[in-house]
Amino acid sequence: MSLIHPTFNRIHTNTMKLIRPLLPLLFIAFTCSSQAALVFTREDVADGTIRYDYNTLEDTSYINGKRTDQSFENAADAIQNVVRLKTDENPSLVSERNFTSAGRTNSFVWEFRAPENYKITTLQIGYRLTVFPQATEGNSIVLSVSVDGKKYTPFATVKANGTLQDVNKVTDLTSHVAGNLKYFIKGELNYTKDSTPDQMQIFRTGFGPGDWTGVPNASFRNTIGVALEP
2 MSLIHPTFNR IHTNTMKLIR PLLPLLFIAF TCSSQAALVF TREDVADGTI RYDYNTLEDT
62 SYINGKRTDQ SFENAADAIQ NVVRLKTDEN PSLVSERNFT SAGRTNSFVW EFRAPENYKI
122 TTLQIGYRLT VFPQATEGNS IVLSVSVDGK KYTPFATVKA NGTLQDVNKV TDLTSHVAGN
182 LKYFIKGELN YTKDSTPDQM QIFRTGFGPG DWTGVPNASF RNTIGVALEP
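Mind the numbering: the sequence shown is residues 2 to 231 in this note's numbering, read in order.
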């Protein structure tokens, strides 16, 4: 099973050995980013479907219910000042505290590639987005989809309005990605005013009862239909 480019994997592993003790300082000093892609293989296809789950509680990815040990940091394609909040009993992805400021967007991108000689036929995305009442009005969470990594179409937006908004939903994105070899999912935390980072949370641990099977505590699911190219 190949989830990230081999070259990146070697570079990432060696680099992390050197900088891991400095990570708290690095988050303060500059933008954290990584370059990778989730490249599925023929072995990941079961009855024409690939199911990819991210378990926020464990910070681990699953394919068809099998653990891959791919964390958020080495599974996402590009991370701009977004980190996993570990102190909460329901971990989530939030803005890195030292970078939260008015007029700023912090984001990440997940890139998914179909196995060689396959095309994507269908796509359903399951997700949990939580905005707490204390979040400053005008701030928002946005999820978007793209097939080229350049032009994105929003499919989920939650705006802070002084009330608790806990969105558990599955959205069909087939019309956006069918016939393509890959797609991108972008998560954005938009700040028009200063706000405490943990007041807006992406992929908060735990989905609605009955909506998830096989991977407890998952809060980001990609159900990808694929077919061999003619």
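All C-beta atoms, glycine included, are put in the ideal place defined by N, C-alpha and C.
- A residue is called buried once 16 or more other Cβ atoms fall within 10 Å of its Cβ, and Ser141 is buried on that count.
- As the crow flies, the alpha-carbon of Ile121 is around 31 Å from that of Ser96.
- Comparing C-alpha distances from Lys160 to each of Lys183, Leu94, Gly139 shows the shortest one belongs to Gly139.
- Here Phe221 has Tyr55, Tyr128, Phe204 as same chain residues with Cβ atoms under 6 Å from its own Cβ, once five neighbours each way along the sequence are excluded.
- Ala76 and Asn162 have their C-alpha atoms spaced approximately 32 Å apart.
- Between Ile225 and Thr50, the CB-CB gap stays under 8 Å.
- Relative to the Cα of Lys87, the nearest Cα in the group Gln81, Thr57, Tyr63, Asp78 belongs to Thr57.
- For the options Lys194, Asp195, Leu190, the alpha carbon positioned closest to that of Gln202 is the one of Leu190.
- Taking every protein chain shown into account, the CB of Arg52 has 16 or more other CB atoms within 10 angstroms, so this residue is buried.
- For Glu189, the uninterrupted beta strand (DSSP E) segment begins and ends at 183-192.
- Around the CB of Thr164, fewer than 16 other CB atoms lie within 10 Å, so the residue is classed as exposed.
- In its chain, beyond the 5 residues on either side, Asp167, Gln202, Arg205 have a beta carbon closer than 6 Å to the beta carbon of Thr131.
- Rounded to whole angstroms, the gap between the alpha carbons of Val148 and Phe41 is 16 Å.
- Taking C-beta atoms as the reference points, Ser145 and Phe133 fail to come closer than 8 Å.
- Taking a cut-off of 8 Å for Cβ pairs, the region 104-120 and the region 190-200 touch, as three or more such pairs fall below it.
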